[in-house]
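J.: Here's a structure for you.
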Amino acid sequence: MATKVFSLLLLPLLLLELIPCGQASIAVRHRSSVIWERALRQKMLLCYQDIDSGLWGSACKASAIEKENCALRCLSPTCYESIYGADPLEEGEIDLHRGRYYKICIRQ
1 MATKVFSLLL LPLLLLELIP CGQASIAVRH RSSVIWERAL RQKMLLCYQD IDSGLWGSAC
61 KASAIEKENC ALRCLSPTCY ESIYGADPLE EGEIDLHRGR YYKICIRQ
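Mapping the sequence shown onto the numbering used here, position 2 (from 1) lands on 2, and the numbers just tick up by one.
Dropping the structure here:
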């Protein structure tokens, strides 16, 4: 039984040995990124729940974009202020550029 568990623990390491060095680091970074993205989505869902429950006030429920601005502020007030503070998202606006900077800010 212990041998079976030990071999299951070593399987990912053995698989990494089969991947050339550069690709192994890419695989590890990708896995780390996926885990980080999943955690970020979970935190964002908690922010949406807080907004829906009224913890952030009625202004955050006024529209979908206001809800999004409040969720971004909930997730990281510091990053929100530095990226969106002077110019919050507006109805119909999709700003991928600032969205990338916001994620970078949160990750640091």
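Ideal Cβ positions, reconstructed from N, Cα and C, are used throughout, including at glycine.
Could you tell me if the beta carbon of residue 62 falls within a distance shorter than 7 Å of some heavy atom in the ligand MN?
T.: No copy of the ligand MN appears in this structure; indeed no ligand is present at all.
J.: Please report the residue range of the alpha helix (DSSP H) in which residue 82 lies.
T.: 77-83 is the extent of the alpha helix (DSSP H) around residue 82.
J.: Mapping the DSSP letters down to three states, classify residue 68 as helix, strand or coil.
T.: Helix, per DSSP.
J.: Taking the C-alpha atoms as reference points, what is the distance between residue 81 and residue 69?
T.: Approximately 11 Å, taken between the alpha carbons.
J.: Could you check what DSSP says for residue 39 in three-state terms: helix, strand or coil?
T.: Residue 39: helix per DSSP, three-state reduction.
J.: Which same chain residues end up closer than 6 Å to residue 35 when comparing Cβ atoms and leaving out the 5 residues on each side of it in sequence?
T.: Hits under 6 Å: none found.
J.: Might you give, ordered along the chain, the residues of its own chain that have their beta carbon closer than 6 Å to the beta carbon of residue 38, omitting 5 neighbours on each side?
T.: Around residue 38: no qualifying Cβ.
J.: Buried or exposed, going by whether 16 or more other CB atoms sit within 10 Å of the CB of residue 73?
T.: So residue 73 counts as buried.
J.: Given 8 Å as the limit, is there contact between the stretch 85-93 and the stretch 46-61, that is, 3 or more CB pairs closer than that?
T.: Judged by Cβ distances under 8 Å, the stretch 85-93 makes no contact with the stretch 46-61, as fewer than three pairs qualify.
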